[in-house]
Structure formats: C-alpha cells, structure tokens
Amino acid sequence: MPTFRQDVEEIRRRAARKIEEGPVTESYGGDVKRTIEILNEALATEIVCVLRYMHHYFMATGVHGAAVRDEFKEHADSEREHADMIAERIQQLGGKPDYNPRTLLERSASQYIEGETLADMIREDLIAERTVIEIYQNMIRHFGSNDPTTRRMMEGILADEEEHASDLTDLLYIVEPSSGKTEGQDPGADPLKIGAA
Numbered sequence: 001m002p003t004f005r006q007d008v009e010e011i012r013r014r015a016a017r018k019i020e021e022g023p024v025t026e027s028y029g030g031d032v033k034r035t036i037e038i039l040n041e042a043l044a045t046e047i048v049c050v051l052r053y054m055h056h057y058f059m060a061t062g063v064h065g066a067a068v069r070d071e072f073k074e075h076a077d078s079e080r081e082h083a084d085m086i087a088e089r090i091q092q093l094g095g096k097p098d099y100n101p102r103t104l105l106e107r108s109a110s111q112y113i114e115g116e117t118l119a120d121m122i123r124e125d126l127i128a129e130r131t132v133i134e135i136y137q138n139m140i141r142h143f144g145s146n147d148p149t150t151r152r153m154m155e156g157i158l159a160d161e162e163e164h165a166s167d168l169t170d171l172l173y174i175v176e177p178s179s180g181k182t183e184g185q186d187p188g189a190d191p192l193k194i195g196a197a
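Per the working numbering, residue 1 is the first one in the sequence shown, and the count goes up by one each step.
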C-alpha cells in the first residue's frame, strides 16, 4: 500500500513533467477547453452588463435620477470586477479571454437594451440580472466538484448578481411603486409589462 509520502513524490514527478500547464494538473476533473468556452460566455455577459449599466448611468434623469445613477455606477464597477476575475481564470487555465466586440452580444447571456424611462432602465437591468442568475446557477452545477476553483469564483459572482437583483427590485418599487409589489397581481400577467402603462 503506497504511503502518503510516495504519493507526494509521484505527484511532484507529474507536476514537473507538465510544468508549462500552470495550475491545470492531471487531477483537474473538467474539460479545460469547454470550461474556457463557458467562461468566455460569462466574460461577454459581464462586459455587456458593464456597457448597459454605464449607458443607464449617463442617461438616468428625473426625481430619482441621482440615486439610481449611483446604483447603476456601482453595479457597472462590480460587473467590471467580475469580468476581470473571469478573464484571469481563463488565462490561468491556458486560454485567451475573448474581448472581441464583434461577437460580444452573440456570446452574452445578457441583452443590451437601453430603455426609454428610468423605470424601463431598471426593469431591463433587473431582467438581465435575473437571467444571469439562472445561467450562472447552471454553470456552477456544471463545474461542480470537477473544477472547484472556477465553481467558487462563479458562486461569489452569483452572490453579487443576486444582491444586484435585490437592489434593482427595491429601486423599481421606489421609481414605479405599482411594479414592486406582486400581492394581488394577476398570475397570468406578463411580468415585462407590469407597471409599463
């Protein structure tokens, strides 16, 4: 029966043979190529979110405009940090972060919709956050125990996205009180049109 020390020596030999692969060791349980593809989709999503939030930041006006602007800017900064984390992980896995502007929207889980009013902007950002939350939950399940580093990174990003959705729900209720409550709401109503009279 091999001892722990013998296992360590064998692991060292394998690590030395493939030193150029950086943190990707033989025990990595995932498909590196597929992980990089998935992360490039997440990167595109975060970049599109930054662009949409910054557009909304500069276009926010009205009675609540200043407070909402600050929230848009805070969310844009957070999404930019997420993009940096994802790009760094792609590079660690031996991939190349894809910042090609021509294909951002094709690869993104989030749409770039500007919105006409402050409530429209908040609503579009909230829809985007809710979409991203579901997609990232699926990514986290995909990575599972095969890539715990990527999974933990995405779990941290997911927590931020859930906080953003909560913030936006509160803002939408402040800007458009009729859209923030679901009590007594027709269960068949289109949630994208609630409050958009």
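Even for Gly, the Cβ is constructed at its ideal location relative to N, Cα and C.
Contacts around residue i, its chain only, beta-carbon distance under 6 Å, and the 5 residues preceding and following it disregarded
{"i": "Asp98", "result": "Asn40"}
{"i": "Ile90", "result": "Ile36, Leu39, Pro97"}
{"i": "Glu106", "result": "none"}
{"i": "Tyr53", "result": "Phe72, His75, Ala76"}
{"i": "His82", "result": "Glu46, Ile157"}
Cutoff 8 Å; reference residue i; Cβ partners in own chain excluding five residues on either side
{"i": "Val132", "result": "Thr45, Cys49, Ala109, Ser110, Glu161"}
{"i": "Asp186", "result": "Since pLDDT at Asp186 reaches only 47, below the 50 mark, its modelled position is unreliable, and no value is offered."}
{"i": "Gly65", "result": "Leu118"}
Contact under 9 Å by Cβ, residue i with residue j
{"i": "His55", "j": "Glu114", "result": "yes"}
{"i": "Arg130", "j": "Phe143", "result": "no"}
{"i": "Ile86", "j": "Ala42", "result": "yes"}
{"i": "Ile127", "j": "Val68", "result": "no"}
{"i": "Tyr265", "j": "Leu158", "result": "Not covered by the structure: residue 265. The range shown for the chain is 1 to 197."}
{"i": "Asn138", "j": "Gly30", "result": "no"}
{"i": "Gly47", "j": "Glu71", "result": "Position check: residue 47 holds Ile in this sequence, whereas Gly was assumed. No, the pair does not count as a contact, with Cβ atoms beyond the cut-off."}
Residue from the options with nearest C-alpha to residue i
{"i": "Gly275", "options": "Glu163, Ala165, Glu116", "result": "Because the chain spans 1 through 197 in this model, residue 275 falls outside it and cannot be assessed."}
{"i": "Lys33", "options": "Arg102, Gly95, Asp167, Leu172", "result": "Gly95"}
{"i": "Tyr57", "options": "Lys73, Ala67, Arg123, Glu88", "result": "Lys73"}
{"i": "Pro101", "options": "Ala128, Ala66, Arg89, Leu51", "result": "Leu51"}
{"i": "Glu124", "options": "Ala165, Glu88, Ser145", "result": "Ala165"}
{"i": "Glu88", "options": "Glu176, Ser78, Val175, Ile36", "result": "Ile36"}
{"i": "Ile38", "options": "Met154, Val175, Pro177, Ser178", "result": "Met154"}
{"i": "Thr149", "options": "Leu104, Leu93, Glu106", "result": "Leu93"}
{"i": "Val175", "options": "Glu9, Asp77, Ala60", "result": "Ala60"}
Any non-hydrogen atom of the ligand PLP within 8 Å of residue i CB
{"i": "Met85", "result": "Looking for the ligand PLP in the displayed structure turns up nothing, as the structure carries no ligands at all."}
Residues of its chain near residue i, where Cβ-Cβ distance is below 7 Å and the 5 sequence neighbours each way are ignored
{"i": "Glu183", "result": "Confidence at Glu183 is low in this model, with a pLDDT of 46, below 50, so its placement is unreliable and no value can be given for it."}
{"i": "Pro177", "result": "none"}
{"i": "Ile140", "result": "Arg151, Met154, Glu155, Leu158"}
*Can you list, in chain order, the stretches of the alpha helix (DSSP H) that have 4 or more residues and sit fully within the stretch 72 to 118?*
You should have 104 to 107.
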